[in-house]
Every structure is written in structure tokens, then in C-alpha cells.
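Q:
Protein chains: 2
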Amino acid sequence: MAGFDIKTIVGENYGGEQKDFIAALADEISRSIEDKYSALFKSSYPLIPVGVSNRHIHLTEKTFKKLFGQDAKFEEMRPLYQPGEFASKHTLTIVGSKLRAIEKVRILGPLRKYDQVEISLTDSIYLGLNPPVTNSGSLDTAAPITLVGPKSSVFLERGAIIANRHIHMTSGDALVLGVKNGDYCKVRIAGIKSTIFENVLIRINDNWRLQMHLDTDDANAAFIKGEVYAEYLGKM
Amino acid sequence: MAGFDIKTIVGENYGGEQKDFIAALADEISRSIEDKYSALFKSSYPLIPVGVSNRHIHLTEKTFKKLFGQDAKFEEMRPLYQPGEFASKHTLTIVGSKLRAIEKVRILGPLRKYDQVEISLTDSIYLGLNPPVTNSGSLDTAAPITLVGPKSSVFLERGAIIANRHIHMTSGDALVLGVKNGDYCKVRIAGIKSTIFENVLIRINDNWRLQMHLDTDDANAAFIKGEVYAEYLGKM
Chain A
437 MAGFDIKTIV GENYGGEQKD FIAALADEIS RSIEDKYSAL FKSSYPLIPV GVSNRHIHLT
497 EKTFKKLFGQ DAKFEEMRPL YQPGEFASKH TLTIVGSKLR AIEKVRILGP LRKYDQVEIS
557 LTDSIYLGLN PPVTNSGSLD TAAPITLVGP KSSVFLERGA IIANRHIHMT SGDALVLGVK
617 NGDYCKVRIA GIKSTIFENV LIRINDNWRL QMHLDTDDAN AAFIKGEVYA EYLGKM
Chain B
437 MAGFDIKTIV GENYGGEQKD FIAALADEIS RSIEDKYSAL FKSSYPLIPV GVSNRHIHLT
497 EKTFKKLFGQ DAKFEEMRPL YQPGEFASKH TLTIVGSKLR AIEKVRILGP LRKYDQVEIS
557 LTDSIYLGLN PPVTNSGSLD TAAPITLVGP KSSVFLERGA IIANRHIHMT SGDALVLGVK
617 NGDYCKVRIA GIKSTIFENV LIRINDNWRL QMHLDTDDAN AAFIKGEVYA EYLGKM
């Protein structure tokens, strides 16, 4: 039998006179499907495309309207690698507790259910902030930050985070890598400053494409320039 | 015998009637010394203090005088971790090919036989430079950069590098770790963004103290804050 016992599916008394034929047919179907897909699980060196996330902003529609005006239209500049996501035409100036500013920080689309600024530790030190390393959308301990737009500004009491290292993937990718949503893993970037990143969160959604997201500190530490692939090394 | 054969040192015909006594004495001396030192080599988890190098400048005396005036005195502000090295009281503004400047870049002492600016890849991108990842003092492929001081400025045709990850150590530390000068190794920094740094150069000098030097990109990627130790993982 090809990986299963037909009796466990249909009970002991299946098929009558055609019992042997049915068992052989089940075997054949199983074998042909297994042949097609099993190679997927034999990849011992899967490479993962790497995307570098520069500092960026997510906004609610309400906050966007406040900063850009009630009649402002939220417009796409260019699509991102993940289907449906895009860099918008809009940027803001962000200001932290040292009263230093970083200008032209881009807002990504689509608009979301929360306001969030994702920065690197390098940015945090410059701005004088102490944001947590956390998942996108986990804002309980996020740092205070001011957003300045052309029509108004807002002070977010809990707005700034350092996004953790994570890999977007489909449930098929997860099967290949042997991981589940919420697992943490290690990946390696080769090169003159080759680096193994630990505590990389697995995030699964069948609308996504396989891609690891690193911030600019991680990317610059590993001397990533241009198109780079990471080697998956296993779970933590 | 304790690790050696006395005959190989003094020949076959040593000691005459006192041969047995001499052999026993040699054994005893050897054993007592081995007992004292051999534990050193059993450390399987040696921790290495980590020092983070912010962008900085090394100058020759000639260039210092040009930038600060012929009568200027090169003065210490505070000592660094490595014996004899110090942060000076003097800073410069550096300017790259995008004509952007980074202000207040500190000169380290003592003065050296070459002019060199050590920056991170983050700095390089901001300045518009393409410096190599290389050893301090290896300036063959260094990037052009301008230094601006209070009395003059200089254009260094080959001045800017990204210093490679390295560990300063004594020959004793090298014995403990089982490495030699010029080897490359891996080390791990634990924490929320735990990271394994590869291609870390071993540099040996008995005037130094054991310390790994990382630049601010590496340090911020691993979320290093305050006093941190790295775990030695072995040679590359």
C-alpha cells in the first residue's frame, strides 16, 4: 500500500468480488500523487528570497485624512513583492523624543486598522526612542512618536516598533520547510559579512509569497546589496 | 611520563645511578605545571567581551596638523578598552560623493602612519560611498572621502573602509580558543535578535585585551545595548 491502508478508510467489508482490483487502484492513485509531490519534501537546502524593509509607516484611513486633508486620495506609487501591498505616493516626517526628525518616511498601502511606524534600532537611537522588537500590529509597548503631514500632525502615544525578523510564506512553503505559523527559525545570509539570523518568526498566509523580511540594520550587518537569498537552517 | 619522554630531551645515557630519580623528578615537575594550566584548555564556552565601534577616524600627524593647525596639540579625551588607545578631543565633518555630510566624527589616538575613516554600510549608503569590507590599514580599495577640519580640509582618494568584524586577543587567549592570527571564526550574540556573526578575523597581539569589535550595523542588528559578551562558536 502506498502510505495508507484502504481498510481504515472504507472498513473491512469493501468491494466484494472486486476487492483486489479496488485495492490495486487505490495503490496506483496514491503512488502517482505521491510521486508528483514527495520531491517537494526532499529539499534540504531551500533558499528564501530576502526583502529589506526600510523604515515605513502604516496608517488608518482616519489618520491619513487628518494628516493629508479630508479630500486627499491615498494613491499607489508602485507595487511591493507581496500581492496587494504597495508603496504609496505619500511620505511623512517623523520626530522622536530628542526632537530630531527623519524626513520622507514612506506610507505603505493598503491603509490598515492601526497607525504604526516601523524603524530600525539605528533610527531609534537617532530619534531617542526605545521601541520594542515585536510583530507588526503588536503596539502595547510601542514607543511614542510624532507624525507630521502637510495638513496636520499627530502624536502617537504607542506608535513606533522595531519589526522582528520574519518570513512570509504559504501553507505549501510551510510544509516544505516543516514549520507552522508562529514558529521561530534560523536563516543564513552568505557573503563577506555572512550572518546567521536567529529568532526569525514564521508567518503563514496563502495570499503571500515566500519572502524573508529584514530591517536595514540586519541587511547592512550582512552586507546585503541587490537581490539576495537566505539559506533556511532549521527551527530554533 | 607526563606528556614527554625524558630520553628525547637528554639522550639515552642520562643520569647514571640517579636515572630513576631524575625521571621521577621530571614527571613531577611536568605534572604540577600541567595541572596548573591544562584547565585553561577545557573551557568549552568562552565568552568574549564585545566592543561596538562607532564611525571614527585615524590620522597621521601631518594630516592632523593640516586640519587643526601647525600648533595644534593632539589631546586625549578618555582611554579606550585596548591599552594605550584613546578617544581624542577632536572631531571632523566627513563628506561623501552625494555631498552629504556626517558631523562630529571622532578621531581616535594615538596618531598613526595612515589616514583612515571607518564607517558602517548604513553611513556609506547615506554618504553615497562604496567602501570595501577590509582590515584596518588595508586601504588599496578604500573609497574617496573628504575630511573637513577647523583650519583646512583634505580629500582622501583612498580613505574610507568598513572595518571587518574582528577579535583582539593575546597569544594566551589564542591558545585557549585554539586559533592563530589571521584565522576566521564564528561568534554568537544572544538576545531578542540573537545573531551569529561569521567571518570574524582573529588578531593577536600580547599588548591587547580580549575583545570583539563590531560596527554599529552589526551591533544594532543584534540589538546590543550596554555590556555584552559573545559566545565563541569555532573556526570557519
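As they're listed, the protein sequences go chains A and B.
Be aware that the first sequence starts at 437, since it is given in our numbering, and climbs by one per residue.
Be aware that the second sequence starts at 437, since it is given in our numbering, and climbs by one per residue.
Note that the Cβ used here is the ideal one computed from N, Cα and C, for glycine as well.
(1) Please work out which residues of its chain come closer than 8 angstroms, Cβ to Cβ, to S589/B, disregarding the five sequence neighbours upstream and downstream, and give them in chain order.
(2) Around the Cβ of D456/B, are there at least 16 other Cβ atoms within 10 angstroms (buried) or fewer (exposed)?
(3) Closest to A666/A by CA distance: which of M672/A, T652/A and L646/A is it?
(4) What separation, rounded to the nearest whole angstrom, lies between the Cα atoms of T577/B and I660/B?
(5) Label I465/A either buried or exposed according to how many other C-beta atoms from any shown protein chain fall within 10 Å of its C-beta, with 16 as the threshold for buried.
(6) Along the region 533-560 of chain A, what residues have a CB closer than 8 angstroms to any CB found in chain B?
(7) Whose Cβ in chain B lies nearer than 7 angstroms to the Cβ of I628/A?
(8) Any C-beta of chain B within less than 8 angstroms: which residues of the region 652-664 of chain A qualify?
(9) Looking at T527/B: is its Cβ nearer than 8 angstroms to the Cβ of A537/B?
(10) State the beta-bridge partners of P675/B as determined by DSSP.
(11) I'd like to know whether the C-beta atoms of E521/B and L544/B end up nearer to each other than 8 angstroms.
(12) Looking only at DSSP bridge pairs, what is Y668/B linked to?
(13) Helix, strand or coil for V612/A, going by three-state DSSP, please let me know.
(14) Nearest to Y550/B by CA position, among E593/B, P485/B and V531/B, is which residue?
(15) Pull up the DSSP beta-bridge partners for L552/B, would you.
(16) What does the alpha-carbon distance come out to for the pair G614/B and P580/A?
(17) Using a Cβ distance threshold of 8 angstroms, determine whether the region 596-611 of chain B contacts the region 552-562 of chain B, with at least three qualifying pairs required.
(18) Apply the 10 Å Cβ neighbour rule to G564/B and answer buried if 16 or more other Cβ atoms are within range, or exposed otherwise.
(19) What separation, rounded to the nearest whole angstrom, lies between the Cα atoms of I469/A and A460/A?
(20) If the cut-off is 7 angstroms on Cβ atoms, which residues from the region 568-592 of chain A count as contacting chain B, listed in chain order?
(21) Can you give me the C-alpha to C-alpha distance between F510/B and V541/B, rounded to a whole angstrom?
A: Concretely, from the data shown:
(1) Reading the second sequence from its first residue, position 153 is the one you call residue 589/B. L503, T582 and L583.
(2) The sequence position of residue 456/B within the second sequence is 20, counting from 1. Exposed, by the Cβ-count rule.
(3) As a first step, residue 666/A must be located in the first sequence, where it is residue number 230. Closest by alpha carbon: L646/A.
(4) Mapped onto the second sequence, residue 577/B falls at position 141. Mapped onto the second sequence, residue 660/B falls at position 224. Distance between the alpha carbons of T577/B and I660/B is about 30 angstroms.
(5) For the purposes of this step, residue 465/A is identified with residue 29 of the first sequence, where counting begins at 1. Answer is exposed; the Cβ neighbour count stays below 16.
(6) S556, L557 and T558
(7) Counted from its first residue, the first sequence places residue 628/A at position 192. Simply V569 and N635.
(8) Within the region 652-664 of chain A, T652, D653, D654, N656, A657, A658 and F659 place their CB atoms closer than 8 angstroms to a CB of chain B, listed in sequence order.
(9) Along the second sequence, one-based indexing puts residue 527/B at 91. Along the second sequence, one-based indexing puts residue 537/B at 101. Cβ distance not < 8 angstroms, so T527/B and A537/B don't count as in contact.
(10) Residue 675/B cannot be examined here, being either before or after the span of chain B that is shown, 437 to 672.
(11) In the second sequence, the residue the question calls residue 521/B occupies position 85. In the second sequence, the residue the question calls residue 544/B occupies position 108. Here E521/B is near L544/B, since their CB atoms are less than 8 angstroms apart.
(12) If you number the second sequence from 1, residue 668/B lands on position 232. Looking at the DSSP assignment, Y668/B forms a beta bridge with V623/B.
(13) Counting from one through the first sequence, the residue named residue 612/A turns up at place 176. If DSSP states are grouped into helix, strand and coil, V612/A belongs with the helices.
(14) By 1-based counting over the second sequence, the position of residue 550/B is 114. The shortest Cα separation from Y550/B among E593/B, P485/B and V531/B belongs to E593/B.
(15) If you number the second sequence from 1, residue 552/B lands on position 116. The amino acid at residue 552/B is misidentified as Leu; the sequence shows Gln. DSSP, once it has assigned bridges, lists H494/B as partnering Q552/B.
(16) On the second sequence, residue 614/B is found 178 positions in, with the first residue counted as 1. On the first sequence, residue 580/A is found 144 positions in, with the first residue counted as 1. If you take the alpha carbons of G614/B and P580/A, they lie about 48 angstroms apart.
(17) yes
(18) Counted from its first residue, the second sequence places residue 564/B at position 128. It is exposed - the Cβ of G564/B has fewer than 16 other Cβ atoms within 10 Å.
(19) Here residue 469/A corresponds to residue number 33 of the first sequence, with the count starting at 1. Here residue 460/A corresponds to residue number 24 of the first sequence, with the count starting at 1. Computed Cα separation, rounded: 14 angstroms.
(20) V569
(21) Taking the second sequence and counting its residues from 1, the one referred to as residue 510/B is at position 74. Taking the second sequence and counting its residues from 1, the one referred to as residue 541/B is at position 105. Here the alpha carbon of F510/B sits roughly 15 angstroms from the alpha carbon of V541/B.
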